[in-house]
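Data block below; observations after.
Numbering (this note's numbering), first residue to last: 52 to 839.
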């Protein structure tokens, strides 16, 4: 709308001075009248308004101003004269008081100006920002209240609104009086008109949206960094961008990130885009510990360390000159962690002494959260890469299965490598249908669906899970789900990349099985229990062990024993020794070579006369020799009576790999049982047995010795044998020990005394006990009471 002629709007013309004053008063009164008219409804809804006021949009505030103007205009039209209005207000003083109360209590800034820019009305919220009382502000213009630059800016906007006759909504950054932190206000200003549609002034409402803007910027930071993580951007680039984003939200901040090397106990540079380069390089490799600056101390304490002034703080004693040389005066460092493990520190430095504000603490919290996610993700990827490098021989050349999945979880594409690996004859019928496919087991489908949903929500995630190919064979995949976005950041579809880690998982299973087989020797009470555990662990390697037995061969007797046998047909495996000498089991023992054969191959061996069929014929047989350091001690066998293709060369290799540990465990258990048997034999021997060290000090006596001599093992442990009481001369002793050391044995008789003083005649044999190198380590004395 075109503004009225200048003569009607200019307050400088003498003939219009009174009119202008009247219109200013009327404008003031119209505003008050409008608020008064709606004060009751305002109070009724005030609680709700206060709760939602900070969430109003620019459009809502503009609409609010428009409604207010409309009500003002409507009310002005109902009043014929200013005097009548004054009388009406006078009759409703209570309502006016209520209106003033509402204006004063609102946290929004409210002000009204005349055409000259003089303030006709301001509330306490407005006065507080300006830093003056309401009385000091009324009647004054921008130039009288604000610094010149601010005043020019405000006056320019006011004139634009009055000249255009249209409201404006804009964001303004204001430094409130007495505050060192700027605030952001969403301000809506609109021209105020009289009943003739003349512009008489300006009305404005401003709302503090600082927290909302800060939250919005923090959310934008979080979204950008998470998107970089999802896209696989390098950690250094992510951390540098994070530092810059935080610096943009905190004036004067110099952000840096150090990554913790737990093994070396040092912090290494992650990012420091704004710090002096020489200073940042000097901190690279910082040792952690108390007094190691803000960052080194923060890692040690496991909590935030705030240094207000580096020039005075003892934590910086060793680095003070370095920091001050580069103009760094304060440093706040906060560690970020994963599962209670410190990953690094996020630090904010300033060139002046200072402490963090509550808002800056929020920024720090957001930054450490994002730095933790990025670093943890990177470290997880590095660990995975390390694992893959260690298993390169198993994984190198493994195909990658790439898939594209839409937001309705429908499969759009699968690469040829995946089609081949899963043995899918034709992939096209699967397109447009749900992923994962129905032929995957439910135990696999559930975690894949969960991670797919997380990806559709914007998260990059991965899972290791088994799958079945079309023939029912198990395949292990490491699958990464990545949301693919368009230029506007909207997720369009999900890319799922599956790496075949079947061999790695099998290697892990084998390693675990080998360890558990080794441990089984100590936890099993006998050989049968050990073999039962071995049976379970072999079954856990995805080898069918429905029919499983272990045959042990005695080289001295040439006979077989079957200490463990689980078999559908021949459960006892009791066969004549002569039959076993040409069995498949003996064939593997004789050749020392692992053997896998079906019924046809077995018949060929029989026809050649190399083996004879013993027991029930099988459809497939797999046997592996159990080799000790000296010989083959037996054979471990699995077989099938129905399926001629149950076992593969892969199974043969797997059984061969674990057979060495099985043989070792069996040999240890047999030795243990033999040792136990010998120990029991010594304990129960009818002759007294004494074992000494090479100096002749007693280390062991059996119960029979106590029975013969009367001395307990505790009484004689560590002393010389009672042979010294025999009355022999030193020369005779020299001859005895010379005989022992040269011949390794001495036999003779001695007159000895029991503990009770009774004399008895004993027959002695003394034998040197040597180790595998032929060095005497002990003496074995066997004595018998031969008193008549």
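Ideal Cβ placement from N, Cα and C applies to all residues, glycine included. Being a predicted model, the structure only gives us computed values, none of them experimental.
Taking the Cβ atoms as the reference, residue 665 lies roughly 4 Å from residue 634, within the contact range of under 8 Å. By the beta-carbon neighbour count (other beta carbons within 10 angstroms, threshold 16), residue 521 is exposed.
When only Cα atoms are considered, residue 371 and residue 361 end up about 6 Å apart. Nearest Cα to residue 613 within the set 390, 244, 592 and 583: 583. With distances taken between CA atoms, residue 405 lies nearest to 379 out of 379, 259, 238 and 342. Restricted to the segment 747-798, the alpha helix (DSSP H) segments that are unbroken, complete and at least 4 residues in length are 754-760, 764-767 and 781-794, listed in chain order. Counting only runs of 4 or more residues that sit fully inside the segment 218-301, the alpha helix (DSSP H) segments are 261-281 and 286-299, in chain order. When the five nearest sequence neighbours on each side are left out, the beta carbons in the same chain lying within less than 8 Å of the beta carbon of residue 716 are those of 568, 569, 571, 572, 581 and 585, in order along the chain. Residue 199 has its alpha-carbon roughly 21 Å from the corresponding atom of residue 171. Per DSSP, residue 829 is one residue of the beta strand (DSSP E) stretching across 827-836. Boundaries of the alpha helix (DSSP H) around residue 560: 553-574. Here residue 240 is not near residue 280, since their CB atoms are 8 Å or more apart. Remark: three or more beta-carbon pairs, one from each stretch, lie closer than 8 Å, so the segment 739-748 and the segment 819-838 are flagged as touching.
Excluding sequence positions up to five before and after residue 265, its CB lies within less than 8 Å of the CB of 300, 410 and 413, all in the same chain and listed in chain order.
By the Cβ rule, the segment 176-187 does not count as touching the segment 205-223, because fewer than three pairs are nearer than 8 Å. The alpha-carbon separation between residue 736 and residue 766 amounts to approximately 20 Å.
Membership of residue 401 in the beta strand (DSSP E) is indicated by the continuous run 392-401.
Secondary structure of residue 813 (DSSP, three-state): strand. A straight-line Cα-Cα distance of about 5 Å links residue 261 and residue 234. For residue 603, the enclosing beta strand (DSSP E) covers residues 599-605. For residue 701, the enclosing alpha helix (DSSP H) covers residues 700-734. Judged by beta-carbon spacing, residue 295 lies beyond the 8 Å limit of residue 276, meaning their Cβ atoms are not closer than that value. Under the three-state reduction of DSSP output, residue 209 falls in the helix class. Only residues of its own chain outside the window of five on either side were considered, and among them 633, 635, 638 and 656 have a CB closer than 6 Å to the CB of residue 662, listed in chain order. Two segments are said to touch when three or more pairs of C-beta atoms, one from each, lie closer than 8 Å; by this definition the segment 595-614 does not touch the segment 754-766.
Each residue's CA atom was taken as its position, placing residue 727 and residue 616 some 24 Å apart. In the DSSP assignment, residue 304 falls outside any alpha helix (DSSP H) and carries neither an H nor an E. CA-to-CA, the gap between residue 218 and residue 168 works out to about 16 Å. The count of Cβ pairs closer than 8 Å, one atom from the segment 284-293 and one from the segment 310-327, reaches three, so the stretches are in contact. DSSP, read as helix, strand or coil, puts residue 351 in helix. Residue environment analysis places residue 513 among the buried positions, since at least 16 neighbouring C-beta atoms fall within 10 angstroms of its C-beta.
Ranking 577, 515 and 545 by CA distance to the CA of residue 551 puts 515 first.
Between the segment 240-251 and the segment 152-160, the count of C-beta pairs closer than 8 Å stays below three; the two stretches do not touch. In the DSSP assignment, residue 685 falls within the unbroken beta strand (DSSP E) covering 683-691.
Residue 155 counts as exposed, since fewer than 16 other beta carbons sit within 10 angstroms of its beta carbon. For residue 591, no alpha helix (DSSP H) segment is defined, and its DSSP state is neither H nor E.
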